[in-house]
Amino acid sequence: MELTLWTYEGPPHVGAMRIAASMEGVHYVLHAPQGDTYADLLFTMIERRDRRPPVTYTTFQARDLGGDTAELVKRSIQQAVDRFKPEALLVGESCTAELIQDQPGSLACGMDLGVPVVSLELPAYSKKENWGAAETLYQLCRGLLKSQVPAPGTDRPGPERWKEENRRPRVNLLGPSLLGFRCRDDVRELRGLLADHGIDVNVVAPLGARPADLIRLPQADANLCLYPEVAGPLCSWLERNFGTPVVRTVPIGIGATAQFLRELCALLGLEPPELREADQRSRLPWYSKSVDSTYLTGKRVFIFADATHAIAAARIASRELGFTVVGLGSYSREQAREVRAAAKELGLEALISDDYLEVEQAMAQAAPELVLGTQMERHSAKRLGIPCAVISAPLHVQDVPARYAPQMGWEGANVIFDSWVHPLMMGLEEHLIGMFRHDFEFVDGHLSHLGGAAAPAAQPMAAPVNEETEVTPLSATPEGGSLRWTASGEAELSRIPFFVRGKVRRNTEAYANERGVAEITEETLYEAKAHFSR
Amino acid sequence: MAQTSVLPPVLRESGQREVFCGLTSIVWLHRRMPDAFFLVVGSRTCAHLIQSAAGVMIFAEPRFGTAILGERDLAGLADANEELDRLVGDLLARRPEIRTLFLVGSCPSEVIKLDLAKAAERINTRMQGRVRVVNYSGSGIETTFTQGEDGALTSLVPLLPSNPEPQLLIVGTLADGVEERFLSLFARMGLETVRTLPPRQSTDLPPVGPGTRLLLAQPFVADTVRALERRGAQRIAAPYPLGVEGSCAWMAAAAAAFGIDPERVAAVLDPLAERGRRALEPLRRKLEGKRLFLLPDSQLEIPLARFLHRECGMELVEVGTPYLDRQLMAEELPLLPEGTQLSEGQDVEKQLERVRASRPDLVVCGMGLANPLEAEGFATKWSIELVFSPIHGCDQAADLAELFARPLNRRELLQWN
Ligand code: SF4
Ligand code: SF4
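Going line by line, the protein sequences match chains A and B.
For the first sequence, our numbering gives the first residue as 1, with consecutive numbering after it.
For the second sequence, our numbering gives the first residue as 1001, with consecutive numbering after it.
Structure below.
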């Protein structure tokens, strides 16, 4: 048993729903108690979809448990097939149904429904949403493609067969799905990017695909694994069975997009992309080089997201925006190895956790000036008075915007520049607040370009201020309450610009603790400052 | 209520139900009693449900959480009990300000027959009065949406002190402002001892006894009422305080039960009713003659339909309720117009076919259906808002009507050429 106040991922059957709802012509019969239909509103409200997800729930109640729930399952399956006439049917269980073991999948397989049936085994007590999505996509494709798998030892066509066949090369875009972060626009951006390089898109899946499209997956010359959380297992399976090579670089950021293009072109035997393409097609490089961005140098940033977006963000932050990454982590245990490697490159230890309190604590300890995270980090950051931008699911309705807002490709980099820099205080304001702190309008912690939105209290890391945030202070005084700030110490601390004040407070306290100093005066603060600047 | 009307037989359907489970009620109960903690014993699905329903509120001070069952807990109940005790111990050590702990049962905990009542007893003994631990079920297999509140309140009834003195006890969550308003109105009538369940502090429980008269603010508290009746309380028959008519009848029924002079009651209520009706006038013009279809959700549907028909002139196509308690609806049903089609339970696909066939002007439904129906061209009002908004009382009648007029206004307002 594990106490959870907030969960980064839903149960695995929600992942399966994401696959079904992303596709056309697929229906999902879910054996689940009355009440589990709440998941519909993830699609109708957060994704703002104009139709119900293609899911039929058995919605059993306590009184059904005495009777024949298997009969209920069969009835639901038959009715769903009759009513929705799907081209493929997914059948599975939610966590409660898993306990009563009606085996809905095998029931469906025995029913002669006239459509391909995929029986889903998603262990709800050990796996989570992304795993469920990946497994569902994999099982669905495997089921539909089984008969096509060439016998072992057969010659597999190479990625350059397009030349012999006298056509343009074509690739699959795998992984984009509903409730993924900005998938809708990432697909559009990549279509454009690929078209510019003379590459066609064979199939995009699961988003927008029909079962018939999945049957065409082996016709591609390469697979682009855009969201490894969802498409990783499928890409590996296609590679093993059909020999289709996989490009695993995720094109988020300038460097990653350029690398992605180089890899893809080399694989397909195309001319390598022009070196200047990024500078010509994206504004991020110039915006980041321009003098206005100088104040971004060394800004301390804390990153927590799904593995794909966390790794991409770390690269952009450290190499393309000149930030200092002070924390990197992910809730995606399946991709923990990759995140650890990325963290190691930055001299950090990755935080792999799905406990948001632990993440909040790590955030407080790192005392960053900017947080790049999920919906939850937005709120931890708000609590701590730190500017923040959302870079990954889980997301809220505002992260499914009406406007074009990709993360991938050249335009994605433009979007990223704007949305990450926006929460930070603009350079001029930063200087003026550092110099004059008695202004009645531009008070400490005020971000006037946000219309005065975030106004953290004078001590951003201390006990939060209002009813909404009454938790135990995360970082006020570490090792016991023996430390005391004298009036002169406090006064000096308040002279530090607010966005680095948290860091200075922590450092000073650590320094005082180390030396057994009980009272922090202004001198202690400067000693600590000198100590840490070495 | 002299009037009676003839209603056709209730349509009873079984099939897919598109409703919330009782866990959802935690979303408002934890705000009402800030010194309580709601610990769901369930799965990741349950945790995911609450955070989806609570939306942005999840990030406020966490006063609810889920003990997520793992594979080990499923393998052996002995282990699960130990685990639960350990987890609760940790939680209470970390959060010493918690006064009442609700252990909330879910579908998984019910199916594996984890005995939360026993667990509550065990922990109570161990905590020796420092916190009170109670339990109820919010599982989808047993409860629908607002029935979760009924369960929570029922679990508190044994803890109420006994007191035979006469008092009025209002049962069911009211918004703070609405509650204060009712108390001051009752005071004006000379009814001084008025208490509420749930209280604002979980430790500040009202007493109960033979002198207690129950006035139901919400229609979904059937089990609570029965538990209170077993302790000597008596229910005051009244419609629910929605709209001018319902609210006045509700307050008047309470006053009558305490033998207050009707003239004094009228002196308080008449000006309110007069003002309330005036405020309703423009909204009535908007809603009059519009055809309304309510899908089952909270059990508020019947009183809402009554208000929207009688005070706003809407026509009722179908009034769905997840559960129909005839006793608690005895004062409402006769106020529905003749021929009103009631339905209890749901087969959502068939019900949607009826919606499409009858082409109502406004559909009251859950959030899983609202946008899809809008896309089909129906104006909708999502129902969960009705549980989160101050809608009770004469002064709120116009606001309540406005909730239904707004989607219609909006449709007229928007134009694309
Ligand atoms: S409004 Fe404030 S908390 Fe929200 S994203 Fe912007 S800077 Fe962050
Ligand atoms: S319906 Fe049951 S399993 Fe689903 S969230 Fe509610 S209590 Fe949990």
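Virtual Cβ for every residue (Gly too), placed ideally from N, Cα, C.
Neighbour-count burial assignment, residue i, 16 or more Cβ in a 10 Å radius
| i | result |
| --- | --- |
| serine 494 of chain A | exposed |
| lysine 146 of chain A | exposed |
| histidine 422 of chain A | exposed |
| asparagine 166 of chain A | exposed |
| asparagine 1135 of chain B | buried |
| isoleucine 86 of chain A | The sequence shown places proline at residue 86 of chain A, rather than the isoleucine named in the question. Buried, because 16 or more other Cβ atoms sit within 10 Å of the Cβ of proline 86 of chain A. |
| threonine 297 of chain A | exposed |
| valine 508 of chain A | Correcting the residue type first, residue 508 of chain A is threonine in the shown sequence and not valine. By the neighbour-count rule (16 or more Cβ atoms within 10 Å), threonine 508 of chain A is buried. |
| phenylalanine 498 of chain A | buried |
| leucine 1414 of chain B | exposed |
| valine 1282 of chain B | Going by the sequence as given, residue 1282 of chain B is proline instead of valine. It counts as exposed. |
| valine 1194 of chain B | buried |
Cα-Cα separation between residue i and residue j, rounded to whole angstroms
| i | j | result |
| --- | --- | --- |
| alanine 209 of chain A | lysine 289 of chain A | 40 Å |
| aspartate 82 of chain A | tyrosine 28 of chain A | 13 Å |
| leucine 1116 of chain B | arginine 1310 of chain B | 45 Å |
| serine 488 of chain A | arginine 300 of chain A | 27 Å |
| threonine 44 of chain A | arginine 184 of chain A | 16 Å |
| isoleucine 520 of chain A | phenylalanine 302 of chain A | 28 Å |
| tyrosine 287 of chain A | valine 247 of chain A | 29 Å |
| glutamate 1412 of chain B | alanine 1375 of chain B | 16 Å |
| arginine 506 of chain A | leucine 525 of chain A | 10 Å |
| proline 245 of chain A | glutamine 219 of chain A | 12 Å |
| leucine 1114 of chain B | phenylalanine 1037 of chain B | 20 Å |
| alanine 1120 of chain B | arginine 1094 of chain B | 18 Å |
| alanine 1002 of chain B | glutamate 1353 of chain B | Any reading at alanine 1002 of chain B must be qualified, since the residue scores a pLDDT of 43, below 50, and its modelled position is unreliable; the value itself is stated next. Cα to Cα, alanine 1002 of chain B sits roughly 36 Å from glutamate 1353 of chain B. |
| methionine 376 of chain A | leucine 3 of chain A | 17 Å |
| proline 157 of chain A | alanine 222 of chain A | 11 Å |
| leucine 261 of chain A | glycine 1345 of chain B | 56 Å |
| alanine 510 of chain A | glycine 516 of chain A | 10 Å |
Integer-rounded CB distance, given that residue j should sit under 8 Å from residue i
| i | j | result |
| --- | --- | --- |
| histidine 31 of chain A | proline 123 of chain A | About 15 Å separates the two Cβ atoms, so there is no contact after all. |
| glycine 1042 of chain B | serine 1137 of chain B | 11 Å between Cβ atoms; not a contact. |
| phenylalanine 1145 of chain B | threonine 1066 of chain B | Rounded, the Cβ-Cβ distance is 18 Å, inconsistent with contact. |
| glutamate 358 of chain A | isoleucine 386 of chain A | Contact flag wrong, Cβ pair sits at about 17 Å. |
| alanine 343 of chain A | glutamate 349 of chain A | 6 Å |
| serine 318 of chain A | valine 325 of chain A | 5 Å |
| valine 1088 of chain B | leucine 1039 of chain B | 7 Å |
| valine 1178 of chain B | histidine 1392 of chain B | 5 Å |
Contact set for residue i: own chain, Cβ-Cβ below 8 Å, skip 5 residues either direction
| i | result |
| --- | --- |
| proline 1199 of chain B | Met1033, Leu1205, Pro1206 |
| isoleucine 199 of chain A | Arg168, Pro169, Arg170, Val171, Leu264, Leu268, Leu270 |
| aspartate 1079 of chain B | Arg1072, Asp1073 |
| proline 1164 of chain B | Gly1209, Pro1210, Gly1211, Gly1232 |
Helix, strand or coil at residue i [DSSP, three-state]
| i | result |
| --- | --- |
| valine 81 of chain A | helix |
| histidine 31 of chain A | strand |
| lysine 127 of chain A | coil |
| tryptophan 1382 of chain B | strand |
| glutamine 1240 of chain B | Position check: residue 1240 of chain B holds tyrosine in this sequence, whereas glutamine was assumed. DSSP places tyrosine 1240 of chain B in coil when its eight states are reduced to three. |
| threonine 521 of chain A | coil |
| glutamine 61 of chain A | coil |
| arginine 1235 of chain B | strand |
| histidine 396 of chain A | coil |
| alanine 258 of chain A | helix |
| glutamine 1167 of chain B | strand |
| cysteine 1021 of chain B | strand |
| tyrosine 1136 of chain B | strand |
| methionine 1329 of chain B | coil |
| threonine 134 of chain A | A small correction: the amino acid at residue 134 of chain A is alanine; threonine does not occupy that position in the sequence shown. Three-state result, alanine 134 of chain A: helix. |
Other residues of its chain near residue i: CB distance less than 7 Å, five sequence neighbours each side excluded
| i | result |
| --- | --- |
| leucine 72 of chain A | Thr58, Phe60, Asp64 |
| serine 353 of chain A | Gly329, Tyr331, Val359 |
| tryptophan 1028 of chain B | Thr1173, Val1387, Phe1388 |
| serine 293 of chain A | Tyr287 |
| threonine 1125 of chain B | none |
Proximal residues to residue i (C-beta, below 6 Å), its chain only, five neighbours per side dropped
| i | result |
| --- | --- |
| valine 1317 of chain B | Arg1291, Phe1293, Ser1358, Pro1360 |
| aspartate 399 of chain A | Val390 |
heavy atom of ligand 3 below 6 Å from residue i C-beta
| i | result |
| --- | --- |
| aspartate 1297 of chain B | Among the ligands modelled here, namely ligand 1 and ligand 2, ligand 3 does not occur. |
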